[in-house]
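If you read the sequence shown in the numbering used here, its first letter stands for residue 2, the second for the next number, and so on.
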Amino acid sequence: MRRRNIQLFLLFGVLALTSLFSCGVDRWPEYYKWTGRDLWIDSVMREEYLWFEDIPDSKNVNYFLAPEAFLKSIRSSLDKDYSSVDTLYATPTPSYGFDYSLYRISGNDTAYNALITYVIPGSPASEVGLKRGEWIMQINDDYITKKTEKLLTEGENQKLLLGKYVSAVNDEGEDESKIESYRDAILPAARPVEDVAIPAYDVYSRGSINVGYLAYNSFNKEDNSELLQLSKFFKDKDITDLVLDLRYNAGGEMECVQLLADILVPADKLNSPFASLEYSQKRKYKDHELTLDSKLLQGGVNLNLSKVYVLTSSTTAAASEMLINCLRPYMTVITIGTTTKGETVATESFPSNQFLWVLRPVVCQVFNSEGEADYTKGFTPNYALSELSDFAKVLPLGDPKEALFSAAIGIIDGSIVLPEPKPEPETQMTVVKSVKVKRNFRNGLIIK
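Set out below in C-alpha cells:
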C-alpha cells in the first residue's frame, strides 16, 4: 500500500507540475503547500551557492521532490555531497556506541568475527568495558552471521563472547596468530548516544622525547574551553612534540580550526594571515581573510611548535584538511595513516522556521595564506599506514603501541625514516565491511 501511495504521489506531482502554467495562468500559489519547501531551497541556493550558475533553469526543475532528492537534483557536479539539507529536529538513532569491522572467519563461509575499532565514551559499550582492539566472537552463544549481525547495533541485553588477538609463530616460522576468547560481557539496551569531541589525550615520555597526544573528533565550538585547557596541560608538561589524531574527524566549525591553529603554530607566526575565503561572483563582497588571532587564546596558551604529526584516514575531511593546509606555510605537518577525503569548500547554515529544515549549501572555497587549496583528491600521507594492518596494534586511542601513534613516535625518535611505508602483514581473515555509529557531529567545514 505504501509503495502505491508513493507512486500516486509522484504521478500527482508530475501532472501538477505540467499544469502550473496551464492556459497561461500562474498556479504556483495553489500548489505552494506541496512545493513551498523546495522553492525555499531553490531560492537560497540561487543566491548563496558557490556554483549557483550550475543550477538548472526553473522550467527544468521538479519542485515536488523530497528535500534531499530535490537538493541532489539541482546541485553542481562539483558538489560531492558537500551541500546538505536536514530537519531541524532530527533525533539520534539508538546505538550501543561502538564501531566495528567485520571479518570472515578462515575456513567458514558464513561466520564472522567483529573487530571493535572505536568505543564512544559513556556509551552502553563503554559501560561494560568494551575496548578498541577487542573481538566479538559470539552473540548470545551463537556465531555472528548475516542474520545475527544486526544484534551488534540494536536491541538489549546481548551476551557477547569477547576475544583478543594473540600473535604466535611456530618452529617453522609460520604465522599461527589467532583470536582467543577470554571474557563475556552483557550489553544493556541500545540508546541514543553522543560522541565526544576529545575522547583521549595523554603525554608519552621516553628518553629526550616528551610527546603530547590529542584525539580530536570534531571542531565543535562547545568544546573550545576544553581545548584551551588542554593547551595549558601540554604546556605544563613541557611537551617536545604533539601528535594530533584526526582520523575520526570529518569536520566542524571554521572558528575552531582557527583556534587550534593559534595553539599549535610558532609564536612568532601569531597574527599572520591564516586563510582566505572566496565566494561566488554573486557574493564576492563576502570574500575575506582569517588571521592567526592571538586574542582567541584567552584561557589557553600557544605551544610554539615547529612541527606537528597528524594521524589521518579517509574520514579525515573538510575542517581537518583546512587545518593541515593552512598550517603548512608556517610549520612542518607530517601526516601518518591513509589519504584524506579531499574537501576544499565550506558550507553555511540557513534554517527555516517555517519548514523546520536547515539547508547547508557550499558557499565558498578555502585557501591557505599562499593561495593554495590543491587537495581535492585528499592529502596523501607522508607515511602511509592502515590502522588495521596489524591486529596486535589495534589498541585504545593514546596507547603508545597503537599502530598510528606508535608510527608517529617512531618518526619522532628516528627509528622510522620517512617516507618508507611500513608493509602490511598478510592475514588469514578477509574484511567484509566496516560499520560506524552515526555521530552527532556535523561533517564538512561550517561557517557560523
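Beta carbons are placed, not taken as given, at the ideal position from N, Cα and C, and that holds for glycine. As the structure is a computational prediction, the values presented were derived from the model and not from experiment.
Three-state secondary structure (DSSP) at residue i?
i, result
"Trp35", "helix"
"Ala282", "Note that residue 282 is Gln in the sequence shown, not Ala. Of the three classes helix, strand and coil, the one that applies to Gln282 here is helix, per DSSP."
"Asn114", "strand"
"Gly130", "coil"
"Gly164", "strand"
"Gly244", "The sequence shown places Val at residue 244, rather than the Gly named in the question. Reduced to three states, the DSSP call for Val244 is strand."
"Arg440", "coil"
"Asn211", "strand"
"Leu291", "strand"
"Pro95", "strand"
"Leu153", "helix"
"Lys449", "coil"
"Val197", "coil"
"Asp80", "coil"
"Trp41", "helix"
"Asp391", "coil"
"Asp143", "strand"
"Asp55", "helix"
"Gly25", "Only weak support is given to the placement of Gly25: the predicted model assigns it a pLDDT of 48, under 50, and the value that follows is read from those uncertain coordinates. Three-state DSSP puts Gly25 in a helix."
"Ala276", "strand"
"Lys378", "coil"
"Val433", "strand"
"Leu298", "helix"
"Lys270", "helix"
Residue range of the alpha helix (DSSP H) that residue i falls in?
i, result
"Gln230", "225-237"
"Met323", "320-328"
"Glu256", "255-265"
"Glu73", "Here the sequence assigns Lys to residue 73, which means Glu is not the residue at that position. Its alpha helix (DSSP H) spans residues 68-75."
"Leu1", "The shown model of the chain, from 2 to 449, leaves out residue 1, and the question about it has no answer."
"Ile410", "404-414"
Considering just the uninterrupted stretch of the beta strand (DSSP E) at residue i, what are its terminal residues?
i, result
"Pro397", "Run containing Pro397: none; DSSP gives neither H nor E here."
"Pro189", "From DSSP, Pro189 is part of no beta strand (DSSP E); its letter is neither H nor E."
"Phe351", "351-353"
"Asp1", "The displayed coordinates of the chain run from 2 to 449. Any statement about residue 1 would go beyond what the structure contains."
"Met138", "136-140"
"Asn369", "363-369"
"Val334", "333-338"
Around the Cβ of residue i, are there at least 16 other Cβ atoms within 10 angstroms (buried) or fewer (exposed)?
i, result
"Ile42", "buried"
"Asp176", "exposed"
"Val489", "Residue numbering for the chain in the displayed model covers 2 to 449; residue 489 lies beyond these limits and cannot be assessed."
"Thr333", "exposed"
"Pro420", "exposed"
"Arg38", "buried"
"Val167", "exposed"
"Asn272", "exposed"
"Gln355", "exposed"
"Glu195", "exposed"
"Leu153", "buried"
"Val266", "buried"
"Ser232", "buried"
"Tyr286", "exposed"
"Arg1", "Look at the range of the chain in this structure, 2 to 449, and you will see that residue 1 is not part of it."
"Asp246", "buried"
"Ala126", "buried"
Residues in its own chain within less than 6 angstroms of residue i by CB, not counting five upstream and five downstream?
i, result
"Ile210", "Thr241, Ile413, Asp414"
"Lys439", "Thr94"
"Ser77", "Trp52, Asp55"
"Lys160", "Asn141, Ile187"
"Glu427", "Because Glu427 carries a pLDDT of 48, less than 50, the predicted location of this residue cannot be relied on, and the following value inherits that uncertainty. Excluding residues within five positions, none has a Cβ falling inside 6 angstroms."
"Cys24", "The predicted model places Cys24 with a pLDDT of 46, which falls under 50 and marks its position as unreliable, so this point remains unresolved."
"Leu215", "Tyr202, Leu245"
Would you mind stating whether residue i and residue j have Cβ atoms separated by less than 9 angstroms?
i, j, result
"Gly379", "Thr348", "no"
"Gly252", "Ser321", "yes"
"Gln366", "Gly300", "no"
"Tyr119", "Arg133", "yes"
"Phe368", "Glu279", "yes"
"Ala318", "Gly338", "no"
"Tyr50", "Ser281", "yes"
"Pro200", "Ile121", "yes"
"Val1", "Leu103", "The first residue shown for the chain is 2 and the last is 449, placing residue 1 beyond what the model contains."
"Phe275", "Ser370", "yes"
"Ile448", "Met138", "no"
"Leu328", "Met46", "no"
Among the residues of its own chain, which have a CB less than 8 angstroms from the CB of residue i, if the five just before and after it don't count?
i, result
"Thr92", "Pro193"
"Gly372", "Ser277"
"Lys165", "Gly134, Glu135, Trp136, Ile180, Glu181, Tyr183"
"Val395", "Leu116, Thr118, Arg133, Gly134, Tyr166, Glu388, Leu389, Glu403, Ala404"
"Leu306", "Asp242, Leu243, Leu265, Val266, Pro267, Met332"
For residue i, which residues in the same chain have their Cβ closer than 7 angstroms to its Cβ, ignoring the five residues on either side in sequence?
i, result
"Leu357", "Thr88, Leu89, Tyr90"
Can residue i be considered in contact with the ligand PLP, in the sense that its beta carbon sits closer than 8 angstroms to one or more heavy atoms?
i, result
"Leu360", "As presented, the structure is devoid of all ligands, the ligand PLP included, so that no description of it is given."
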